[in-house]
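A.B. asks:
Numbering (this note's numbering), first residue to last: 59 to 442.
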């Protein structure tokens, strides 16, 4: 038993050295440890079979860290599959591009890596290059014939670029005829992404390309989102492009009301003169609308507390009454719904807007939980 444990520990340490050598670019140590791990299958087979818990092998690790020399050894000498996918569907090219390693990505492409390969979430190298703002790599990928409007769960490359505030990439993609009004399943467009990211430069480029400033996603227009953020420059840009200040959101509020509820005075000052007066606003001026919207917002915040207090004070004898605390709470919420404060709605918008696509998280995922498939009986190893 002790011998088995010692053997397992020794293997674990070797695997740690092996993968660490791949990602640090220590080619001599990598070759040495690979030879020590070989149990008779041959070096190429041994190297190909060592993977972590996410099915990532040496080539994924080397590509992720931009270790081109290690990649050359694995591809040219050991003939590893250049398009090998890990558990998330990511290829070495996707790992290299996500981390901005242009030289490594170019090498992989020159060696036959599929430029259109996508992860399980639909993200291609073009999406990642757009998201991180790597203009040169973006151009190189486009020159390889990759679809400029390829879709992922987080939208097209243009949505990624706009959502990450990358005007250089937005410009290149638009010049390559990317659709400025492409939508995700949640109706997110590049323009909405640019507004939510607070990127005036991206917004201006998209408007010049003809993007619609009056799209709606999650019950809100770009002007509602800009109003909530208090982005004066973006608000002016949207209004100049024809954004309608009188469009109401899912809760019946106009952008100026959203800005007022958040206390964004500058935004209110810009939009109020262009907004048709609202009958329910008693004093149609900057101070009046801000005071009223913030007051009504506080009423809503206090409503649940009032209901909770009532519920705590009830006794078993009150169970027979028809007006229960829960009913009262629902009544208060219904009454206040017409003046739903923007901070409640914006939470929904922010969850909906995919400004940092889910595939981004994969780049930060733990790489040292290893699963080995080299020798019989080695089995699964825990975190290194």
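Cβ coordinates follow ideal geometry from the N, Cα and C atoms, glycine included.
Since we're looking at a predicted model, the values are computed, not measured.
1) CB-CB under 6 Å to residue 125, same chain, minus the five flanking residues each way: which ones, in chain order?
2) Exposed or buried, which one is residue 167 when buried takes at least 16 other CB atoms within 10 Å?
3) To the nearest angstrom, how far is it from the Cα of residue 205 to the Cα of residue 246?
4) Can you check the region 220-253 for any alpha helix (DSSP H) of at least 4 residues that lies completely inside it and give the ranges in chain order?
5) Would you report the Cα separation of residue 201 and residue 225, rounded to the nearest angstrom?
6) Using the beta-carbon count (16 or more within 10 Å), is residue 79 buried or exposed?
7) Which stretch, first to last residue, makes up the beta strand (DSSP E) that contains residue 109?
8) For the region 300-312 against the region 339-346, do three or more pairs of beta-carbon atoms, one drawn from each stretch, fall closer than 8 Å, so that the two count as touching?
9) For residue 213, which of helix, strand or coil comes out of DSSP?
10) Can you name the residues that DSSP bridges to residue 176?
11) Please state if the CB of residue 230 and the CB of residue 258 are separated by a distance shorter than 7 Å.
12) Under 7 Å Cβ to Cβ from residue 170, same chain only, skipping five residues before and after it: list those, please.
13) By Cβ distance below 7 Å, which residues in the same chain neighbour residue 190 in space, the five residues on each side in sequence not counted?
14) Given residue 143, which residues of its chain have a CB within under 7 Å of its CB, disregarding the five upstream and five downstream residues?
15) Go ahead and pull the three-state DSSP assignment for residue 299.
16) Given a threshold of 16 other Cβ atoms within 10 Å of its Cβ, counted over all protein chains shown, does residue 334 qualify as buried or as exposed?
C.D. replies: Here's the rundown:
1) Here the question's residue 125 lines up with position 67 in the chain shown. These residues qualify, in order along the chain: 83.
2) Indexing the chain shown from 1 puts residue 167 at position 109. Flag for residue 167 reads buried.
3) Position 147 of the chain shown, counted from the start, is the residue given in the question as residue 205. Position 188 of the chain shown, counted from the start, is the residue given in the question as residue 246. Their Cα atoms are separated by approximately 19 Å.
4) Listed in chain order, the complete alpha helix (DSSP H) runs (minimum 4 residues) inside the region 220-253 are 225-233.
5) Locating residue 201 in the chain shown gives position 143, where the first residue counts as 1. Locating residue 225 in the chain shown gives position 167, where the first residue counts as 1. Rounded to the nearest whole angstrom, the CA to CA distance from residue 201 to residue 225 is 20 Å.
6) Locating residue 79 in the chain shown gives position 21, where the first residue counts as 1. The residue in question, residue 79, is buried, as its Cβ has 16 or more Cβ neighbours within 10 Å.
7) As a first step, residue 109 is located in the chain shown; it is residue number 51 there, counting from the start. Per DSSP, residue 109 belongs to the beta strand (DSSP E) from 108-110.
8) no
9) As a working mapping, residue 213 is identified with position 155 in the chain shown. It is a strand residue.
10) Within the chain shown, numbered from 1, the residue matching residue 176 stands at position 118. Per the DSSP secondary-structure output, residue 176 pairs in a beta bridge with 182.
11) In the chain shown, counting from the first residue as 1, residue 258 sits at position 200. In the chain shown, counting from the first residue as 1, residue 230 sits at position 172. Taking 7 Å as the Cβ cut-off, residue 258 and residue 230 do not qualify as a contacting pair.
12) The count along the chain shown starts at 1 and reaches residue 170 at position 112. Closer than 7 Å at the Cβ level, and outside the excluded window around residue 170, lie 140.
13) Taking the first residue of the chain shown as 1, we reach residue 190 at position 132. Excluding sequence neighbours, residue 190 sits near 158.
14) Indexing the chain shown from 1 puts residue 143 at position 85. Only 149 meet the Cβ criterion.
15) Counting from one through the chain shown, the residue named residue 299 turns up at place 241. Residue 299: coil per DSSP, three-state reduction.
16) Numbered from 1 along the chain shown, position 276 holds the residue referred to as residue 334. Exposed.
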